[in-house]
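**Q** Chains as they are written, first to last, in the working numbering: chain C, 1 to 231; chain L, 232 to 833. All C-beta atoms in this analysis are idealised placements derived from N, C-alpha and C, irrespective of residue type, glycine included. Just so we're clear, the structure is a prediction, and the values are computed from it rather than from any experiment.
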Amino acid sequence: MRFSIYRYDPDKDEKPYMQEYDIELEPADKMLLDALIRIKIVDDSLSLRRSCREGVCGSDGMNINGRNGLACITPISGLKEPVELRPLPGLPVIRDLIVDMTQFFRQYHSIKPYLINNDPPPETERLQSPEERAELDGVYECVLCACCSTACPSFWWNPDKFVGPAGLLQAYRFLADSRDQATAERLDNLEDPYRLFRCHSIMNCVDTCPKELNPTKAINKIKAMMVKRTI
Amino acid sequence: MPYGLLKLYGSNGSSMAIIKRKFDVVIVGAGGAGMRAALQLSEAGFKVAVLSKVFPTRSHTVAAQGGIAASLGNVTEDSWHWHMYDTVKGSDYLGDQDAIEFMCRQASEVVYELEHFGMPFDRLENGKIYQRPFGGQSQNFGGAQATRSCAAADRTGHALLHTLYQRNVRANTQFFVEWMGLDLIRDEQGDVLGVTALEMETGEVMALQARAVLLATGGGGRIFQASTNAFINTGDGLGMAARSGIPLEDMEFWQFHPTGVYGAGVLISEAVRGEGGYLLNKDGERFMERYAPNAKDLASRDVVSRALTMEIKEGRGCGKNADHLLLKLNHLDADVIKMRLPGIREIAIKFAQVDPINEPIPVVPTAHYMMGGIPTNFYGQVVAPYKTGPEEVVQGLYAVGECACISVHGANRLGTNSLLDILVFGRAAGRQIIEDLKKNSHHKKLHTDSMDMSLARLVRLDSQKDGESVAQVGEALRKTMQEHCGVFRFADMLKEGVTKISEIAEQTNHTEIRDKSKVFNTARVEALELTNLAEVALATIVSAEARNESRGAHARDDFSIRDDNKWLKHTLYFREGRRLDYKPVRLKPLTVESFPPKARTY
């Protein structure tokens, strides 16, 4: 199978280049990550992040034939050759397929990604009805792979100012939690021309999310909450 | 000399000036155990550094599926004492009963605490935490099935790990992301003064000095070819401990999970059976009824894995090679599958190309969990034959989570007791460190040769000529362990396996990498990981060969029964000379009567 992979090692390369690989795969190689590991046996200098190999850790986000996804849950069979692999767009490249995610996580941290509830905790659990809990479905499952934010033109232009789809999805995760008491503070935190409102519903995030989550829907719900509190 | 070492350490490879940073506590590993401990320490105002090879939410806790065991009694009546009995029985009486009592008594409290942190547990109609039945859980000391596993769908580990990370963000814990721990720094008294670590992005090596070092590096399940474990699970903490002279306990006990996806190895949670799924052989027979008449598909994991292996061995496996079995859940309501087992459905569709709403999932027993590890007491302090006694505390060193052997899991862990373990003992270790730091108010002086062992290993790796390929040696290691030390173990295969693994372990000291870059050199990381895997594999097979009985997950063909007279004891493996020693099981609980060993049936 043929691959064309973005290579850049600042230790020795003046500029990035695309390297071609032609690799014989084994029958057990089902996912793109299997193929990359096969390539790495031949060329140990190819650098990428990977861990769980089942789509829950979020390590191996990359741009696969022009579309962001997780290598470990992308079947080889559906890929057009040569398979073109590049690092996630819009973030600085550290090396090869490894990007610097500092900005991405800074935005995630900026939304105060933790439950805020200032009441003394009860002896047992805080109660939450199944319906209240269902509000978190499709939201809490995010693996922070950054496929969505790095597919978002608004994030490309303003990664320092726009929270981005992943961060906003998590902002909504806490706004939607019946146990959280910081709704006003959380909305204030997003009341800004950039942080929330740079989302123009292009929906690349929805299209690209390897976990089939819908950040745009969450963002629209936050926008609705903003509107609601002004009237 | 290649890479930045010349610049940093002088041409002879010895340390000229140590690049170091100083913390109150250094935690190696940011999975559930490391982060639960970090939270305790950060909230108490200590200066904590948490090192992790991956961004914290990518640690392998994220892949835990089914739940956290705690006797909340939200669905059926329950008590910590019943939970304790089940855990002792599940351990095949090798678990230390004081530690097990300690864990089961605290279970409800740590689960409620996690809920208060924001954990998105599923809910019952009355608003309480949803609980589901799991294997080995009983009411009334071996009676009816209990419902004890607190769950967030089948993504409990993901929800837990993210919640703990989030709480650590709130507590301002300092993470060193993509740093790999290399070696422990010990002084001539054997006290632990810190660790050496590699910053993956820059390739720089540093000494991190601390008044307490906590190892929370997870398991080493990548010693097997078919494993549910992530690539990062290479037993780094065990390698660090073993190289610095600390023994490894009960390493022969490895859990093979009954239901890994056939061919891919990815985990299919026991929650599937907890929600009503069951296993079938090629005749469509629900064969677990023969092996465990009462508990059936919810017998202990070691029992179920052996049953699957026997079915395959006796020709009742499925598929054209008769080499797997089927996990059926299509009799369950589609909405139950979508609501309670969405992650499993996703995995089955992606990795087995079947939608479990319509078709059963092909499964095989797959290496999953390391019951053994670095010996500790239930405060997380590492205990070893040291200056004077056999169970003396190693000053400055702690271990929690899968890398530790407390031992609460003994010879076989019960499902959902591992997430409980990391919460209870992560917190306990954090609390103990706070106590111990009151006494150890100053850092001890680091010697200039503190980094020599790590530097020598790195210099060797970078200057190796005509060496072995990391990929090939790793492949040989995994294949050998799979063949020689699997679900059933045979004397001749173990003996041969010890020889083979010894040779492979030697080869890991002569590996060569072609990539010499300083920047994010994953070839270097993998070569270092392989040396740790070799320590884990060697400890495992040497300990397994010596234990002439069958207990829990250690099933010997030639010694098919448990032998309490000779073997009701913990193994201690010492790297130097590959020496084995043994220590007694702690049969006396903290407050209740001991559960004496008896025949274990389900």
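Between L/L415, L/Q663, L/A375 and L/G349, which has its C-alpha nearest C/Q181's C-alpha?
**A** Start at 1 with the first residue of the first sequence, and residue 181 of chain C comes out as number 181. Per the Cα distances, L/G349.
**Q** Alpha carbon to alpha carbon, how far is C/D192 from C/G90? Give it in angstroms, no decimals.
**A** By 1-based counting over the first sequence, the position of residue 90 of chain C is 90. By 1-based counting over the first sequence, the position of residue 192 of chain C is 192. Each residue's Cα considered, the two are about 22 Å apart.
**Q** Please confirm if L/H312 has its CB atom under 8 Å from at least one CB of chain C.
**A** Position 81 of the second sequence holds residue 312 of chain L. No, L/H312 does not count as interfacial toward chain C.
**Q** Have a look at C/D9, C/R2 and C/I5 and flag the residue whose alpha-carbon is nearest the alpha-carbon of L/N752.
**A** For this step, residue 752 of chain L is matched to residue 521 along the second sequence. Comparing Cα positions, the closest option is C/D9.
**Q** Quick one: using the 10 Å Cβ neighbour count with 16 as the cut-off for buried, is L/I792 buried or exposed?
**A** Sequence index remark: in the second sequence, residue 792 of chain L carries index 561 (1-based). Exposed: under 16 other Cβ atoms inside 10 Å.
**Q** Rounded to whole angstroms, what's the CA-CA distance from L/A786 to L/R720? Just pull it up for me.
**A** For the purposes of this step, residue 786 of chain L is identified with residue 555 of the second sequence, where counting begins at 1. For the purposes of this step, residue 720 of chain L is identified with residue 489 of the second sequence, where counting begins at 1. Near 6 Å, if we compare the C-alpha coordinates of L/R720 and L/A786.
**Q** If we cut at 8 Å on Cβ distances, does C/E185 have a partner in chain L?
**A** For this step, residue 185 of chain C is matched to residue 185 along the first sequence. No - not a single Cβ of chain L is within 8 Å of the one on C/E185.
**Q** Measure the C-alpha to C-alpha separation of L/F333 and L/M315 and round it to an integer number of angstroms.
**A** Position 102 of the second sequence, counting from 1, holds the residue named residue 333 of chain L. Position 84 of the second sequence, counting from 1, holds the residue named residue 315 of chain L. So the two alpha carbons sit approximately 9 Å from each other.
**Q** Determine the extent of the beta strand (DSSP E) in which L/C381 is found, giving its start and end residues.
**A** Position 150 of the second sequence holds residue 381 of chain L. Residues Q376 to C381.
**Q** Determine the closest residue to L/R709 out of L/Q376, L/M266, L/D385 and L/G452, with distance taken between C-alpha atoms.
**A** Reading the second sequence from its first residue, position 478 is the one you call residue 709 of chain L. Ranking L/Q376, L/M266, L/D385 and L/G452 by Cα distance to L/R709 puts L/G452 first.
**Q** Within 8 Å of any Cβ in chain L, is that where the Cβ of C/Q103 sits?
**A** In the first sequence, counting from the first residue as 1, residue 103 of chain C sits at position 103. It does not; no Cβ of chain L falls within 8 Å.
**Q** Would you list the residues sitting across from C/Y281 in a DSSP beta bridge?
**A** Residue 281 of chain C lies beyond the residue range present for chain C, which begins at 1 and ends at 231; the question has no answer from this structure.
**Q** Under the rule that 16 or more other beta-carbon atoms within 10 Å means buried, what is L/W798, buried or exposed?
**A** Here the question's residue 798 of chain L lines up with position 567 in the second sequence. By the 10 Å Cβ count, L/W798 comes out buried.
**Q** Short of 7 Å Cβ to Cβ, which residues in the region 287-299 of chain L face chain C?
**A** Correct list: T288, R289, H291, V293 and A294.
**Q** Mark C/Y17 as exposed unless 16 or more other C-beta atoms lie within 10 angstroms of its C-beta, in which case mark it buried.
**A** Sequence index remark: in the first sequence, residue 17 of chain C carries index 17 (1-based). C/Y17 should be labelled exposed.
**Q** Going by DSSP in three states, L/T753 sits in which element: helix, strand or coil?
**A** Here the question's residue 753 of chain L lines up with position 522 in the second sequence. Residue state, collapsed to three classes: helix.
**Q** Just to check my reading of the structure: L/V631 and L/G611 have Cβ atoms closer than 8 Å, yes? What is that Cβ distance to the nearest angstrom?
**A** The residue given as residue 631 of chain L occupies position 400 in the second sequence. The residue given as residue 611 of chain L occupies position 380 in the second sequence. Indeed they touch by this definition, with Cβ atoms about 5 Å apart.
**Q** According to DSSP, L/F719 sits in a beta bridge with which residue or residues?
**A** For the purposes of this step, residue 719 of chain L is taken as the residue at position 488 of the second sequence. Partner(s): L/A786.
**Q** Given C/P126, which residues of its chain have a CB within under 8 Å of its CB, disregarding the five upstream and five downstream residues?
**A** The residue you call residue 126 of chain C lines up with position 126 of the first sequence. According to the sequence shown, residue 126 of chain C is Arg rather than Pro. If we look at C/R126 and ignore the five residues flanking it on each side, its Cβ neighbours are N117 and R179.
**Q** At what residues does the alpha helix (DSSP H) containing L/E340 begin and finish?
**A** Indexing the second sequence from 1 puts residue 340 of chain L at position 109. Per DSSP, L/E340 belongs to the alpha helix (DSSP H) from Q328 to F348.
**Q** Where does L/Q296 fall in DSSP's three states?
**A** Translated into positions along the second sequence, residue 296 of chain L becomes position 65. Coil, per DSSP.
**Q** If you reduce the DSSP assignment to three classes, tell me which class C/N158 lands in.
**A** Your numbering for residue 158 of chain C matches position 158 in the first sequence. Reduced to three states, the DSSP call for C/N158 is coil.
**Q** Should L/N552 go down as buried or exposed, given a rule of 16 or more other Cβ atoms within 10 Å for buried?
**A** The residue labelled residue 552 of chain L in the question sits at position 321 within the second sequence. So L/N552 counts as exposed.
**Q** Helix, strand or coil for L/N763 per DSSP?
**A** Counting from one through the second sequence, the residue named residue 763 of chain L turns up at place 532. In the structure shown, L/N763 sits in a helix (DSSP, three-state: H, G or I).
**Q** Between the Cα of L/V256 and the Cα atoms of L/V767, L/A502 and L/S672, which residue gives the shortest distance?
**A** Sequence index remark: in the second sequence, residue 256 of chain L carries index 25 (1-based). If we check each option's Cα against that of L/V256, L/S672 comes out closest.
**Q** Using the three-state DSSP reduction, which class does L/R831 fall into: helix, strand or coil?
**A** Taking the first residue of the second sequence as position 1, residue 831 of chain L is located at position 600. Three-state DSSP puts L/R831 in coil, outside helix and strand.
**Q** Could you spell out the range, first to last residue, of the alpha helix (DSSP H) harbouring L/A269?
**A** For this step, residue 269 of chain L is matched to residue 38 along the second sequence. G263 to E274 is the extent of the alpha helix (DSSP H) around L/A269.
**Q** DSSP on L/Y600, reduced to helix/strand/coil?
**A** As a first step, residue 600 of chain L is located in the second sequence; it is residue number 369 there, counting from the start. Reduced to three states, the DSSP call for L/Y600 is strand.
**Q** Output needed for L/Q626: all residues of its chain with C-beta closer than 8 Å, excluding positions within five of it in sequence on either side, in chain order.
**A** To locate residue 626 of chain L, count along the second sequence from 1; it is residue 395. Around L/Q626: Q420, G421, D422, V423 and N671.
**Q** If we call anything under 8 Å between Cβ atoms a contact, is L/P287 one with L/A261?
**A** For the purposes of this step, residue 287 of chain L is taken as residue 56 along the second sequence, with counting starting at 1. For the purposes of this step, residue 261 of chain L is taken as residue 30 along the second sequence, with counting starting at 1. Taking 8 Å as the Cβ cut-off, L/P287 and L/A261 qualify as a contacting pair.
**Q** Since L/K710 meets chain C, which of its residues come closer than 8 Å, beta carbon to beta carbon?
**A** Translated into the one-based positions of the second sequence, residue 710 of chain L becomes position 479. None at all; the shortest Cβ gap to chain C is about 13 Å.
**Q** For C/P210, which residues in the same chain have their Cβ closer than 7 Å to its Cβ, ignoring the five residues on either side in sequence?
**A** Counting from one through the first sequence, the residue named residue 210 of chain C turns up at place 210. Hits under 7 Å: G55, G69, L70, I73, C145 and C147.
**Q** With the cut-off set at 8 Å, would you say L/L446 and L/T394 are in Cβ contact?
**A** Working through the second sequence from its first residue, we reach residue 446 of chain L at position 215. Working through the second sequence from its first residue, we reach residue 394 of chain L at position 163. No, they are not a contact pair.
**Q** The beta strand (DSSP E) that contains L/A884, what's its start and end?
**A** Nothing about residue 884 of chain L can be reported from this structure: the residues present for chain L run from 232 to 833 only.
**Q** Under the rule that 16 or more other beta-carbon atoms within 10 Å means buried, what is L/I250, buried or exposed?
**A** Stepping through the second sequence from its first residue, residue 250 of chain L is reached at position 19. Per the 10 Å Cβ criterion, exposed.
**Q** Using a cut-off of 9 Å between C-beta atoms, extract the partners of C/P121 located in chain L.
**A** Indexing the first sequence from 1 puts residue 121 of chain C at position 121. In chain order: Y343, E344, E346 and H347.
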